[in-house]
Amino acid sequence: MPPRHPTIASALGPVRRSLRAAGSPHRLLVACSGGADSTALVGLLHLLARDEALALIVAHVDHGLRPESADEAAVVARSAAERGLACVSTRLSLSPGSGLPARAREARRAALSAFATAHACDAIALGHTATDQAETLLMHAARGCGLEGLAAMRPWEAPWLRPLLELPRAGTRALCERMGMTWCDDPTNTDEEQPRIRVRERVLPELRAHNPRVEAALVCLATQAADAEEALRDWAAREEAARRRGADTWWSTDDLHRLPRAVRTRILRRICGLGGADLGALRAAVIEDIDRTVMARAAALGGTGAVLRPHVWHLRPGLHLRLDRHGLKLAGAAPGAQIPAT
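Numbering (this note's numbering), first residue to last: 1259 to 1600.
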């Protein structure tokens, strides 16, 4: 075991906290590509394994896209064996072409999930760093997003655990050296054809010139966005449930207009989701229009019993939402539809 060093000690604290946040798992699958980030993660978790009563299994997924990938798989297996850790691996058959990063991510996650199930693991640890978090937040913001997008990657989203989100990528190589671990450099990590790499190589250096701790600042922003989103989501869930009348197809709009806009729009999304609407495909403009109409109706009623013209929004074929004097009503809801978690 390498001698303890301040850089190792400072990294172990956040990793230990992440394990607590995940409920102190006993069996942990550690995804390792062979790069410095995930290799450092393996080393740090190995140092904590005895104190935390952790059983670790290293998992490597070879995408099969580069000739040198087989050598990287061997490096991962050898590093795990040197520490007495079990190692499992698989080789995928992905073809180059459109949407490759997304396809590779989905295939990798599916393979890791299968390994975790086969080995009865409680969680899957990923080597995402503060730099990855900063890149994700900036990419989401550039595309246009709300609080959920600014929250970027969560430290713990069962079964996915990200213990290194407080550690910048620049620190993982030093950690590997201190722990005597060998890593591989993936040439695709410098391919500026990929949007993430352009953010990494062009945008972040410019921001870092103004604030050397820009990754920490953006991680803090992501954390605050996640906290705010969770609070608003919980508030909206309580308000939606309190307004449900009878079957899950009718909601009272009494005093809905008095709630903050951020809560109202989340209530409306929950109602649409309950009917079976695809919230990923449902345009924000639709929710905004429903909200404006709710507010306009409340202003027009002015506390009287006036009857205003009903409004109808088509959420998907066979499903619509109607607003009238009785409130909001769903028609054509999918049988057994459930309220989404978000």
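Every residue, glycine too, gets a C-beta built ideally from N, C-alpha and C. As the structure is a computational prediction, the values presented were derived from the model and not from experiment.
{"Item": "At least 3 beta-carbon pairs within less than 8 angstroms: the segment 1381 to 1388 vs the segment 1342 to 1362", "Value": "no"}
{"Item": "Collapsed DSSP secondary structure at Leu-1314 in the structure displayed", "Value": "strand"}
{"Item": "Length at least 3, wholly inside the segment 1551 to 1591: the beta strand (DSSP E) runs in chain order", "Value": "1569 to 1574, 1577 to 1582, 1585 to 1589"}
{"Item": "Local Cβ density within 10 Å of Thr-1394, reported as buried at 16 or more and exposed below that", "Value": "buried"}
{"Item": "Residue environment, Leu-1299, which counts as buried when at least 16 other CB atoms sit within 10 Å", "Value": "buried"}
{"Item": "Exposure of Ala-1475, with buried meaning 16 or more beta-carbon neighbours within 10 Å", "Value": "exposed"}
{"Item": "Those runs of the alpha helix (DSSP H) which lie wholly inside the segment 1414 to 1457 and span at least 4 residues", "Value": "1428 to 1436, 1453 to 1456"}
{"Item": "Chain-order list of residues whose beta-carbon lies under 7 angstroms from that of Gly-1563 (same chain, five-residue window excluded)", "Value": "Caution applies to Gly-1563, whose pLDDT of 46 falls short of 50 and renders its modelled position unreliable; the value that the coordinates give is listed next. Answer for Gly-1563: no residue qualifies."}
{"Item": "Check whether Arg-1555 and Leu-1581 have beta carbons under 8 angstroms apart", "Value": "yes"}
{"Item": "Buried or exposed by the 16-neighbour rule on C-beta atoms within 10 Å, applied to Gly-1271", "Value": "exposed"}
{"Item": "Inter-residue CB distance, Thr-1511 and Leu-1586 (contact presumed, cutoff 8 angstroms)", "Value": "6 angstroms"}
{"Item": "Proximal residues to Leu-1490 (C-beta, below 8 angstroms), its chain only, five neighbours per side dropped", "Value": "Leu-1405, Ala-1520, Val-1521, Arg-1524"}
{"Item": "Own chain, CB closer than 7 angstroms to Arg-1527, minus 5 neighbours either side, in chain order", "Value": "Leu-1537, Ile-1545"}
{"Item": "Through-space distance from Gln-1482 to Ala-1289, alpha-carbon basis", "Value": "27 angstroms"}
{"Item": "Per DSSP, cross-strand counterpart(s) of Trp-1508", "Value": "Lys-1587"}
{"Item": "Arg-1431 versus Asp-1295 - alpha carbon distance", "Value": "7 angstroms"}
{"Item": "Euclidean distance between Cα positions of Leu-1462 and Ile-1382", "Value": "28 angstroms"}
{"Item": "Rounded C-alpha distance that separates Ser-1276 from Leu-1419", "Value": "7 angstroms"}
{"Item": "Cys-1478 versus Ala-1467 - alpha carbon distance", "Value": "19 angstroms"}
{"Item": "Leu-1384, DSSP secondary structure in three states", "Value": "coil"}
{"Item": "The segment 1369 to 1380 touching the segment 1277 to 1286, judged by at least three CB pairs closer than 8 angstroms", "Value": "yes"}
{"Item": "Contact test: Ser-1353 Cβ vs the ligand FMN heavy atom, cutoff 7 angstroms", "Value": "Among the ligands in the structure shown, none appear at all, so the ligand FMN cannot be discussed."}
{"Item": "Leu-1286, DSSP secondary structure in three states", "Value": "strand"}
{"Item": "Boundaries of the alpha helix (DSSP H) in which Cys-1478 is found, first to last residue", "Value": "1472 to 1501"}
{"Item": "Proximity of Val-1333 and Cys-1345 at Cβ, strictly below 8 angstroms", "Value": "no"}
{"Item": "Status (buried if at least 16 other CB within 10 Å, exposed otherwise) for Thr-1297", "Value": "buried"}
{"Item": "At least three beta-carbon pairs within less than 8 angstroms, the segment 1313 to 1322 to the segment 1352 to 1372", "Value": "yes"}
{"Item": "Close-in-space but distant-in-sequence residues of the same chain around Ala-1339 (CB under 8 angstroms, 5 per side omitted)", "Value": "Cys-1345"}
{"Item": "C-alpha distance - Ala-1317 paired with Gly-1301, whole-angstrom precision", "Value": "14 angstroms"}
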